[in-house]
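A quick write-up on the structure given underneath.
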Amino acid sequence: MSVHLHWFLPTGGDGRTLVDRHAYTDGGIRRDRITPVSGVRAPDIEYLAQIAKAAEQLGFEAVLTPTGTWCEDAWLTTVALTQVTERLKFLVAFRPGVISPVLAAQMAATYQRISRGRLLLNVVTGGDSTEQRRFGDHLDHDRRYARTDEFLQVVRGVWGGKPFDFQGEHYQVEGGLTALPPDPLPQIFFGGSSAAAGPVAARNVDVYLTWGEPPEEVKQKIDWIRGLAEKEGRTVRFGIRLHTISRDSSKEAWATADRLLDDLDPATVEAAQQALGKSESVGQQRMLALHGGSRDKLEISPNLWAGVGLVRGGAGTALVGSHAEVADRIEEYHSLGIEHFVLSGYPHLEEAYWFGEGVRPELAARGLLDAGPAPLDGVPAANGRPASAPGGAPLLIAGGR
């Protein structure tokens, strides 16, 4: 089982601090779109193309694109980026409650033809009712997962190449069909820590994603999902969502983490924790429990730092250390059964280089990566190694990150 490395496309904006100065405690509804903010990078297609091209050149297999109010649409953005990349795959996050499953199946098929088979799907059921209602979805938490279960059954059914009927509580389909099924079928990624989420993963998905909890807690989740899948007669693979701060030395990496922390004033942390605490997501509550809103003892496991989760929803932990130390932690998670590593760092362009030039060679030397064309083979970085800089993006409470 090889390690699959993926990066992240910050379609909600990027920058050098964990909370940009134009993000407000109301979740970003009142945004200053006129006054420029130092270090903030808009998610325009030119900047996102830089990240996508860098990820491809550095040897990442795919990039995750989030979904939510404060992000550009993942389908439209990534299909545009397929035209400026050659091998890079796109892990497109979407919400099953706001689109017909038959239409989603058709969109995936079209995407595969346009991109020559480079689509992966990340199903985001949603853990914030306020966010869901913005899109016209008024189901409660558990019913959203029940609907996702039906949604994925329909998608896989209409990919079968012949008319498909389905009668469920949430969807009734007669003769559903994707005339030209996608080739290959996109792998389906999915995450959820609640009791309602586990059976959905076991019955329907290819890769179960967890956020970056300590190894012993990740192992418990793997064992849970694996057991449920075995009862369904299925095998599920596993992935993890983490940030990274990797440097030539451990001292440099932790200095970068400290600079990110120093930039957060107590009022910002308190406001973020109050907003995040309202989330219905069990995974989000598990992220909050790792630090309890406190700056003390943020290294919750060797090289696993919970500082990001003080102000950001979704993935709240980062692997921090020298390139060898970060590789050690990836190898540790891999030994538990984690195959896919979906990574990010602020700013995303610079951190892609730090990881790609530093950690990836370590993993390759340990035999954890599939053999393939060496990233940057014979192509020096345009300006040498990017300078170390603290990074971040706006405080965005929506899921899918």
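Take the sequence shown: its letter number 101 is residue 96 in my numbering, and every next letter is one higher. All C-beta atoms in this analysis are idealised placements derived from N, C-alpha and C, irrespective of residue type, glycine included.
Going by CA-CA distance only, name the one from the options that's closest to residue i.
i       : options                        : result
Arg281  : Ala197, Ala252, Trp206         : Trp206
Arg307  : Gly288, Ala197, Leu299         : Gly288
Val149  : Leu98, Glu225, Trp219          : Leu98
Ile333  : Arg229, Thr239, Pro176, Asp218 : Asp218
Tyr348  : Gly311, Thr239, Gln269         : Thr239
Val200  : Ala190, Lys216, Gln182         : Gln182
Gly340  : Ala284, Gly351, Phe146         : Gly351
Gly311  : Leu175, Asp365, Glu225, Glu208 : Glu208
Pro38   : Arg361, Ala360, His343, Leu363 : His343
Val213  : Val79, Arg355, His329, Trp70   : His329
Leu175  : Arg108, Arg254, Val168, Arg229 : Arg108
Asp253  : Leu285, His286, Arg290         : Arg290
Gln398  : Ala284, Trp249, Leu305, Leu293 : Not covered by the structure: residue 398. The range shown for the chain is -4 to 396.
Pro179  : Gly155, Gly8, Val168, Ala190   : Gly155
Met(-4) : Arg151, Glu275, Leu331, Pro356 : Leu331
Leu255  : Gly309, Leu223, Ile220, Ala313 : Ala313
Ser457  : Leu285, Ile220, Gly121, Leu204 : Lying before the first or after the last residue shown, residue 457 is absent from the chain, which here runs from -4 to 396.
Trp65   : Gln78, Glu41, Phe130, Thr77    : Phe130
Ala190  : Arg355, Lys292, Ile220         : Ile220
Val79   : Lys292, Ile40, Ala69           : Ile40
Ordered along the chain, which non-local residues of its own chain (more than five positions away) have a Cβ less than 7 Å from that of residue i?
i      : result
Ile325 : Val(-2), Phe336, Leu358
His1   : Phe55, Glu56, Ala57, Val58, Leu59, Leu86, His335, Phe336, Val337, Leu338
Glu320 : Ser245, Asn298
Val153 : Val97, Ala100, Phe159, Gly171, Leu172, Thr173
Gly362 : none
Gly272 : Leu283
Val277 : Ser188, Ser189
Glu169 : Asp160
Ala224 : Ala197, Thr230, Val231
Let me know if residue i comes out buried or exposed under the rule of 16 or more other beta-carbons within 10 Å of its beta-carbon.
i      : result
Glu51  : buried
Gln279 : buried
Gly23  : With a pLDDT of only 42 at Gly23, under 50, the local geometry of the prediction cannot be trusted, and the value read off the model is given with reservation. By the 10 Å Cβ count, Gly23 comes out buried.
Leu147 : buried
Pro365 : The sequence shown places Asp at residue 365, not Pro. The residue is exposed, with fewer than 16 neighbouring Cβ atoms inside 10 Å.
Thr230 : exposed
Gly399 : With the chain covering only -4 through 396, there is no way to say anything about residue 399.
Gly193 : buried
Leu71  : exposed
Gly8   : buried
Glu345 : buried
Gly309 : buried
Ala360 : exposed
I'd like the list of long-range same chain contacts for residue i, defined as Cβ closer than 6 Å, with 5 residues on each side in sequence excluded.
i      : result
Glu227 : Ala197, Arg198
Val195 : Tyr140, Thr143, Asp144
Pro177 : Ala103, Ala104, Gln107
Gly353 : Ser241, His318
Leu285 : Ile295, Ala301
Thr73  : Thr60, Phe85, Val87
Assuming residue i contacts residue j (C-beta within less than 8 Å), just tell me the rounded distance between them.
i      : j      : result
Glu67  : Thr6   : 4 Å
Lys210 : Ser317 : Sequence inspection shows Pro at residue 210; the Lys mentioned does not correspond to that position. Contact flag wrong, Cβ pair sits at about 19 Å.
Leu43  : Leu4   : 6 Å
Asn117 : Ala88  : 4 Å
Lys84  : Arg111 : Not really, about 10 Å apart at Cβ, beyond 8 Å.
Val202 : Ala248 : Contact flag wrong, Cβ pair sits at about 28 Å.
Excluding sequence positions up to five away, which residues of its chain have a Cβ less than 8 Å from the Cβ of residue i?
i      : result
Lys157 : Leu172
Gln215 : none
Arg355 : Leu0, Leu53, Gly54, Leu364, Pro370
Can you check whether the C-beta of residue i is within less than 8 Å of a C-beta belonging to chain C?
i      : result
Val149 : Among the protein chains of the structure shown there is no chain C, as only one such chain exists.
Is the segment 46 to 59 in contact with the segment 313 to 327, if contact means three or more CB pairs nearer than 8 Å? no
Specify whether the segment 256 to 273 and the segment 228 to 248 touch according to this definition: at least 3 beta carbon pairs, one from each stretch, less than 8 Å apart. no
Counting beta carbon pairs with one atom in the segment 180 to 188 and one in the segment 300 to 316, are three or more of them shorter than 8 Å? no
Does the count of Cβ pairs from the segment 123 to 130 and the segment 144 to 164 closer than 8 Å reach three? no
Check whether the segment 131 to 139 and the segment 89 to 105 are in contact - that is, three or more C-beta pairs closer than 8 Å. yes
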